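K.L.:
Listed in order, the protein sequences are those of chains A and R. So for the first sequence, the working numbering puts the first residue at 98; every next one is plus one. So for the second sequence, the working numbering puts the first residue at 1154; every next one is plus one. For every residue, glycine included, the Cβ atom is placed at its ideal position computed from N, Cα and C. These figures come from a predicted structure and were not determined experimentally. What follows is a structure written as structure tokens; I'll ask about it next.
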Amino acid sequence: DSGVTQTPKHLITATGQRVTLRCSPRSGDLSVYWYQQSLDQGLQFLIQYYNGEERAKGNILERFSAQQFPDLHSELNLSSLELGDSALYFCASSVATHSGANVLTFGAGSRLTVL
Amino acid sequence: GESVGLHLPTLSVQEGDNSIINCAYSNSASDYFIWYKQESGKGPQFIIDIRSNMDKRQGQRVTVLLNKTVKHLSLQIAATQPGDSAVYFCAESGGYALNFGKGTSLLVTP
């Protein structure tokens, strides 16, 4: 158990629908990151929040949005779903190592299937 | 654009042999690099990191080598075990987030 909790583990929905993925970071971690993993694109960075504020954006579609709440949990909202949105969505939280590297600790992921 | 990539998509090694997984990067401004291991059905798991001012770093059965001249990173796993079978990703620091390569699948055969 990494300490990063993601729900749901699996989600099957139809095109055009909207889903919300939830993430609770490790205790003490203020940063939350969302990544999308698909077979042909690898791990793609979507967005990062730090202590409730958006800090960095990656390849996140306009149909997707996220937020981080005062209790530091985060939600990733995916709307107008398309078949190509089927992927694993990972949440990670971060802590710096003694060397100063910003190491991300990942949750087990939410597998989204769009039919 | 800047990218992190892997030389080989799959690697098959015999149990007990040493494994070497390679990675090329293009962003010479990265402060550090990290190797992750992802087992089937799980999220990526941190293995080891190395700062850009270092050439080599050792952990338990793993060694990471950084060659900044040719922008190359490698992960060496000693005495590879069946439990090492997984996909391995290199990642480079890219501002606030990590930029991941596409991964190398390591298969350990008996």
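At a Cβ threshold of 8 Å, is Ala184/A touching chain R?
P.N.:
The residue you call residue 184/A lines up with position 87 of the first sequence. Not one chain R Cβ lies under 8 Å of Ala184/A.
K.L.:
Using a threshold of 8 Å, state whether the C-beta atoms of Val1240/R and Gly1256/R are closer than that.
P.N.:
Translated into positions along the second sequence, residue 1240/R becomes position 87. Translated into positions along the second sequence, residue 1256/R becomes position 103. A contact, by the Cβ cut-off of 8 Å.
K.L.:
Just list the alpha helix (DSSP H) runs in the segment 104-144 of chain A, keeping only unbroken ones of 4 residues or longer that don't cross its boundaries, in chain order.
P.N.:
With a minimum length of 4 residues, no continuous alpha helix (DSSP H) run stays inside the segment 104-144 of chain A.
K.L.:
Put Asp1202/R into one of helix, strand or coil per three-state DSSP.
P.N.:
In the second sequence, counting from the first residue as 1, residue 1202/R sits at position 49. Reduced to three states, the DSSP call for Asp1202/R is strand.
K.L.:
Could you check which residue in Leu1164/R, Ser1183/R and Ala1182/R has the C-alpha nearest to that of Ile1174/R?
P.N.:
The count along the second sequence starts at 1 and reaches residue 1174/R at position 21. Nearest option by C-alpha distance: Leu1164/R.
K.L.:
Can you list, in chain order, the residues of the segment 1235-1254 of chain R whose Cβ is nearer than 9 Å to any Cβ on chain A?
P.N.:
Phe1242, Ala1244, Ser1246, Gly1247, Gly1248, Tyr1249, Ala1250, Leu1251, Asn1252, Phe1253 and Gly1254
K.L.:
So, for Lys154/A: in the same chain, excluding its five sequence neighbours on each side, which residues have a beta-carbon less than 7 Å away from its beta-carbon?
P.N.:
Here the question's residue 154/A lines up with position 57 in the first sequence. Cβ within range, chain order: Ile144.
K.L.:
Tell me whether the beta-carbon of Ser1172/R lies closer than 8 Å to the beta-carbon of Gln1234/R.
P.N.:
What you label residue 1172/R is simply residue 19 of the second sequence in a count that begins at 1. What you label residue 1234/R is simply residue 81 of the second sequence in a count that begins at 1. No, they are not a contact pair.
K.L.:
For Gly1212/R, which three-state DSSP category applies?
P.N.:
By 1-based counting over the second sequence, the position of residue 1212/R is 59. Judged by DSSP in its simplified three-state form, Gly1212/R adopts coil rather than helix or strand.
K.L.:
Hey, is Gly1196/R's beta-carbon within less than 8 Å of any beta-carbon in chain A?
P.N.:
Taking the second sequence and counting its residues from 1, one reaches residue 1196/R at position 43. By this cut-off, Gly1196/R is an interface position.
K.L.:
CA-CA distance, Ser1205/R and Val1223/R?
P.N.:
Here residue 1205/R corresponds to residue number 52 of the second sequence, with the count starting at 1. Here residue 1223/R corresponds to residue number 70 of the second sequence, with the count starting at 1. Roughly 13 Å separates the two Cα atoms.
K.L.:
Taking 8 Å as the cut-off, decide whether the C-beta atoms of Gln1217/R and Trp1188/R are in contact.
P.N.:
Here residue 1217/R is taken as the residue at index 64 of the second sequence, counted from 1. Here residue 1188/R is taken as the residue at index 35 of the second sequence, counted from 1. Residue identity differs from the one stated: residue 1217/R is Val in this sequence, not Gln. Their beta carbons are under 8 Å apart, which means Val1217/R touches Trp1188/R by this criterion.
K.L.:
If you reduce the DSSP assignment to three classes, tell me which class Gly181/A lands in.
P.N.:
Translated into positions along the first sequence, residue 181/A becomes position 84. Correct three-state label for Gly181/A: helix.
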